[in-house]
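For reference, the structure discussed in these notes is given below.
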Amino acid sequence: MPDSPIYDVSVIGAGPAGCSAAYSAAKEGLSTVILEEHPRVGEPVHCGECLSAWATKRMGLELPDEAVACRVKGIRVLFPDNTAVLWREEGYVLDKHVFEQFLAVRAQGAGAALQTGTRVSSMKRENGVWALGATRAGGASSTFRARSVIDASGYEAVSTRLTGVNSRKFDMVSGAQYLMEDIPQDGFIDFYLWPRLAPHGYLWMIPKRNGAANVGLVTNEAANAHKYLKQFVQEMGWTGKKIIRPFGGMIPSSGPMPRIYSDGLLLAGDAAGFTSPMFEGGTQLALKSGEFAARVLARARSGVPKPDVPMVGTDAASPTHSSGFAPTPSGDPFSAHALSEYENLCRDEFPPYEKLVRGKAKFYSFSDPELSAIGRMMPTELVGMTALDKAGIAAQTLLRFGLRAGDVRDALDTFSYSVGEKYGW
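942 is the number of the first residue of the sequence shown in our numbering; add one for each residue after it.
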């Protein structure tokens, strides 16, 4: 192996999770390198680009003007009969590539190194040090060494694929989107719960600058996603509007991976499965989980005692089943036990995924008439919807449709976690 520096932290991916992790790690005094597979940070864009004001406040972010495509007043949710309800909370529609480049520059300013055009192709840990094999632009190969790794590689979850840290990947939904010109808008993001055009998902119109908008959907029917999107554009009367570019991607939808930490390894953002349970927004969760990952590594290096928490899963205490791992050396500061605090931080701060994923499945099991009726029963302003409101809706749908009250309450609990305060966007 070439004589290369040994970093404290290698971060895989320069998206929001990776750049947040690298910034926080470098601020903590950890030598940090980000390995980004694409030649330019933030490109290509994969998501709807929304971020709540709650998120920027929580993360202490001052967004540069050039990263903000539009300031919005909140989210309007439209049901199958076009009943509309509002989450009136301010936020931003980003130029996501500019936003991610801003985060990368911020991380570099804190002391992190950035290697673009660098795709991690192998991972092996021996004697407390990771060797990350990477393919560079033009086909050259390099090896990066680090005492710890934060996998922020997005839905590809590089560490799961290369080390077997998780025996399965998450369920995913398919996103398809057009950036279009001359789309009517009034300062709200529009989400459409129209199952016939987005089975087990939803559609959207997300305003951007100068009358442009992201128009798209997520669905579990990947093969039909673009067909549904074209039909949506037609039904909205937007056929003939210029499509500036199409884009999309896959989004984790089943909650966190069974194991989000192991010896010398933490998973953050989409790689860990951290997306909003109902509408799959992931940027705020990515930023916060990256920060948590760096905090835990800094504490581990400094020798701060950790809670006595076992690894999750039957074989998690000693992850030697994969070729990616070797036995942990005695006194390893980044052992799985030392990093167990990460799961506690995420569990305490983030949505109760197991419950909310069940609630989402129940929400999507309702018929169009049932969804429309639920929409009409909701308060027009959703911020502050109470348990009493949910109980009333559950009682009415029981009487009208025979729906189990518990199923309706579970579905509404999931729905209510879509606000920025609860990491919804």
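Where is the CB? At the ideal position from N, CA and C, for every residue including glycine.
>> Here's the rule I'm using: 16 or more other beta-carbon atoms within 10 Å means buried, otherwise exposed. How should Pro1148 be labelled?
In response: buried
> Does DSSP put Ser1063 in a helix, a strand or coil?
Replying inline: strand
> Residues bridged to Val950 by DSSP?
Replying inline: Thr973 and Ser1089
> Ordered along the chain, which non-local residues of its own chain (more than five positions away) have a Cβ less than 7 Å from that of Arg1077?
Replying inline: Gly1058, Thr1059 and Ser1083
> Since Ala1154 sits in a beta bridge, which residues does DSSP pair it with?
Replying inline: Met1121 and Pro1148
>> Within 8 Å, do at least three Cβ pairs link the stretch 1216-1224 to the stretch 984-1004?
In response: yes
> Roughly how many angstroms separate the alpha carbons of Ser1094 and Ile1334, rounded to a whole number?
Replying inline: 41 Å
>> Rounded to whole angstroms, what is the Cα-Cα separation between Phe1233 and Tyr1283?
In response: 7 Å
>> Any beta carbon from chain D within less than 7 Å of Ser1281's own beta carbon?
In response: The structure shown has no chain D; it contains just one protein chain.
>> For Asp1123 and Gln1056, what's the separation of their Cα atoms in angstroms?
In response: 38 Å
>> Can you find the residues in the same chain that come closer than 6 Å, C-beta to C-beta, to Met1177, ignoring five residues on each side of it along the sequence?
In response: none
> Which of the three DSSP states, helix, strand or coil, is assigned to Ile1130?
Replying inline: strand
> With which residues is Ile1192 paired in a DSSP beta bridge?
Replying inline: Val1114
>> Is the beta carbon of Gly1272 closer than 7 Å to that of Arg1066?
In response: no
> In three-state DSSP terms, what is Tyr964?
Replying inline: helix
> For the stretch 999-1016 against the stretch 1094-1110, are there 3 or more C-beta pairs whose distance is under 8 Å?
Replying inline: no
> According to DSSP, what are the bridge partners of Thr1084?
Replying inline: Gly1074
>> In whole angstroms, give me the CA-to-CA distance for Phe1129 and Glu1030.
In response: 10 Å
> Taking the Cβ atom as the reference point for each residue, do Leu1238 and Val950 lie within a distance shorter than 7 Å?
Replying inline: yes
> Where do the ends of the alpha helix (DSSP H) carrying Trp995 lie?
Replying inline: Ala994 to Met1000
>> According to DSSP, simplified to helix, strand and coil, what is Thr1024?
In response: coil
> Nearest to Gln1172 by alpha carbon, out of Ala1164, Leu1138 and Asp1131?
Replying inline: Leu1138
> From which residue to which residue does the beta strand (DSSP E) around Leu1312 run?
Replying inline: Premise fails: Leu1312 lies in the alpha helix (DSSP H), Asp1309 to Met1318, not in any beta strand (DSSP E).
>> DSSP three-state label for Cys1287, please.
In response: helix
> Helix, strand or coil for Leu1369 per DSSP?
Replying inline: For residue 1369 there is no data in the structure shown, the boundaries of the chain being 942 and 1366.
> So, using beta-carbon positions, are Ala1212 and Ser1230 closer together than 7 Å?
Replying inline: no
> Whose CA, out of Gly1181, Ala1166 and Met1198, lies closest to the CA of Phe1188?
Replying inline: Ala1166
> When burial is assigned at 16 or more other CB atoms within 10 Å of the CB, is Leu1297 buried or exposed?
Replying inline: buried
> Rounded C-beta distance between Val974 and Glu1041? I'm assuming under 8 Å.
Replying inline: At roughly 17 Å, the Cβ-Cβ gap does not stay under 8 Å, so Val974 and Glu1041 are not in contact.
>> Checking 7 Å against the spacing of the C-beta atoms, do Ala1199 and Asn1107 come in under that value?
In response: What sits at residue 1199 in the sequence shown is Pro, not Ala. In contact: Pro1199 and Asn1107 (Cβ atoms closer than 7 Å).
>> Taking the beta carbon of Pro1197 as the centre, do at least 16 other beta carbons fall within 10 Å, making it buried, or is it exposed?
In response: buried
>> Among Ser1313, Gly1214 and Trp1179, whose alpha-carbon lies nearest the alpha-carbon of Ser1195?
In response: Gly1214
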